[in-house]
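Peer 1: If you read the sequence shown in UniProt numbering, its first letter stands for residue 1, the second for the next number, and so on.
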Amino acid sequence: MSNNRTIVITGASSGIGESLATIYAKQGNVNLVLASRTTSKLTELANQLTKLSTTTKCLVVKYDASNEKDCQKLIENVIKEFSRIDILLLCAGVSYHNQFKDTKDLNVYRQMMDINYFGYMYTTFYALPHLIEQYNFEKKKAQIAVVSSISGELGLPLRAGYCASKFAVNGFFESLRMEVPQVDITMLNPTSVETPMRNHGLGTAEERQAIQFNESKRMSLQDCCAVMIHSIESRKKKVVFPFSNYMASLLKPFFPSLIEKILLKKAGGGNHHQSSAESTQSSPSPTQPPKIKSKL
Numbered sequence: 001m002s003n004n005r006t007i008v009i010t011g012a013s014s015g016i017g018e019s020l021a022t023i024y025a026k027q028g029n030v031n032l033v034l035a036s037r038t039t040s041k042l043t044e045l046a047n048q049l050t051k052l053s054t055t056t057k058c059l060v061v062k063y064d065a066s067n068e069k070d071c072q073k074l075i076e077n078v079i080k081e082f083s084r085i086d087i088l089l090l091c092a093g094v095s096y097h098n099q100f101k102d103t104k105d106l107n108v109y110r111q112m113m114d115i116n117y118f119g120y121m122y123t124t125f126y127a128l129p130h131l132i133e134q135y136n137f138e139k140k141k142a143q144i145a146v147v148s149s150i151s152g153e154l155g156l157p158l159r160a161g162y163c164a165s166k167f168a169v170n171g172f173f174e175s176l177r178m179e180v181p182q183v184d185i186t187m188l189n190p191t192s193v194e195t196p197m198r199n200h201g202l203g204t205a206e207e208r209q210a211i212q213f214n215e216s217k218r219m220s221l222q223d224c225c226a227v228m229i230h231s232i233e234s235r236k237k238k239v240v241f242p243f244s245n246y247m248a249s250l251l252k253p254f255f256p257s258l259i260e261k262i263l264l265k266k267a268g269g270g271n272h273h274q275s276s277a278e279s280t281q282s283s284p285s286p287t288q289p290p291k292i293k294s295k296l
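In structure tokens form, the structure reads like this:
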């Protein structure tokens, strides 16, 4: 009988999911289940990962987080192949950045909820019976590791819909932790990270081009995943990082106006509160949308 841990990673074809899969593959003694919509990328990744350790096995599963049937089939495939789940690592997600009033298509808000929230919820729902059964049989807890965001702890300008989806995620799993003591749940809330997620966000090309981000303020993927791996292996309940984000989340209830002012300044949002006269003098050509700078 194999001593390998079985780790299911959604959103494994790029970014945080791919990086975490690579780290676990190098450690060996693991069955990695790689799930995402892009199976060609997953197959290529699986071939690379199995070369990192002779005790690493990979299973590729086509998976659309917004599709409940896909979430159910993912878990069924895992149980059929490996008979267990030790860590369910939820990474699949999409983003959208714009002022709410300037949104071109409100459907992006539903899409974010479908993928970021319902995708996590569906997958967890179908995994839970197996995780609880494992505990009842082995008296050893499985774990759900939830990649959320600082956007699930603090409301941030230019991402009202994204924050809504992440607040939903955080609230759901904080509640679930108390309902299901047989399973450990680790909440991971990083700052903005150097991943392709932002470049492939929802909305039109015009909307994405209208937002200028300060890339130097983003956390490196390597540093982010190092914190996540440590938090998962330590079975922490929740981690908010880096430290500045953690402090902001702690201080917000006591100094809401101050924290909001700081967050707005970091996002360049102060420019949107100009007087009408100032707006008229500085308004750009109608054919060129204003550039909005964000350091978040």
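Beta carbons are placed, not taken as given, at the ideal position from N, Cα and C, and that holds for glycine.
(1) Please report how far the alpha carbon of Leu154 lies from the alpha carbon of Ser249, in whole angstroms.
(2) If you check the beta carbons only, do Lys252 and Ile259 fall under 7 Å apart?
(3) Based on the DSSP secondary-structure assignment, which residues constitute the bridge partners of Phe241?
(4) Work out the CA separation of Leu202 and Tyr63 for me, nearest whole Å.
(5) Quick check: is the beta carbon of Glu18 nearer than 7 Å to any beta carbon in chain D?
(6) In the structure shown, what three-state DSSP assignment does residue 334 receive?
(7) If we call anything under 7 Å between Cβ atoms a contact, is Gln182 one with Ile132?
(8) Measure the alpha-carbon distance for Leu59 versus Tyr135 and round it to whole angstroms.
(9) State the Cα-Cα distance for the pair Glu138 and Glu233, rounded to the nearest angstrom.
(10) Between the beta-carbon of Ile79 and the beta-carbon of His130, is there less than 7 Å?
(11) Distance check for Met112 and Arg37, CA to CA, integer angstroms please.
(12) Whose C-beta lies closer than 6 Å to the C-beta of Leu74 among residues of the same chain, with five residues either side of it excluded?
(13) Using 7 Å as the threshold, is the C-beta distance between residue 299 and Gln72 below it?
(14) Identify which residue in Leu188, Ala160 and Lys238 has its Cα closest to the Cα of Phe100.
Peer 2: By the coordinates alone:
(1) Here the question's residue 154 lines up with position 154 in the sequence shown. Here the question's residue 249 lines up with position 249 in the sequence shown. Rounded to whole angstroms, Leu154 to Ser249 spans 6 Å at the Cα level.
(2) Taking the first residue of the sequence shown as position 1, residue 252 is located at position 252. Taking the first residue of the sequence shown as position 1, residue 259 is located at position 259. Yes. Within cutoff.
(3) One-based indexing of the sequence shown puts residue 241 at position 241. Paired residues: Pro190.
(4) Stepping through the sequence shown from its first residue, residue 63 is reached at position 63. Stepping through the sequence shown from its first residue, residue 202 is reached at position 202. In a straight line, the C-alpha of Tyr63 is about 19 Å away from that of Leu202.
(5) No chain D is present in this structure, which holds just one protein chain.
(6) The chain is shown only over 1 to 296; residue 334 falls outside these bounds and no answer can be derived.
(7) As a first step, residue 182 is located in the sequence shown; it is residue number 182 there, counting from the start. As a first step, residue 132 is located in the sequence shown; it is residue number 132 there, counting from the start. In this structure, Ile132 lies closer than 7 Å to Gln182 by Cβ.
(8) Residue mapping note: residue 59 aligns to position 59 of the sequence shown, counting from 1. Residue mapping note: residue 135 aligns to position 135 of the sequence shown, counting from 1. If I take the Cα positions, the gap works out to 24 Å.
(9) Walking along the sequence shown from the start, residue 138 turns up at place 138. Walking along the sequence shown from the start, residue 233 turns up at place 233. The straight-line gap from Cα to Cα measures roughly 19 Å.
(10) Translated into positions along the sequence shown, residue 79 becomes position 79. Translated into positions along the sequence shown, residue 130 becomes position 130. Taking 7 Å as the Cβ cut-off, Ile79 and His130 qualify as a contacting pair.
(11) Walking along the sequence shown from the start, residue 37 turns up at place 37. Walking along the sequence shown from the start, residue 112 turns up at place 112. Rounded to whole angstroms, Arg37 to Met112 spans 16 Å at the Cα level.
(12) The residue given as residue 74 occupies position 74 in the sequence shown. Within the same chain, Ala35, Val61 and Tyr63 come within 6 Å of Leu74 by CB-CB distance, once the 5 residues on both sides are set aside.
(13) Summary: the structure shown does not reach residue 299, with the chain confined to residues 1 through 296, and so no result is reported for it.
(14) Counting from 1 along the sequence shown, the entry for residue 100 is found at position 100. Out of Leu188, Ala160 and Lys238, Ala160 has the C-alpha closest to the C-alpha of Phe100.
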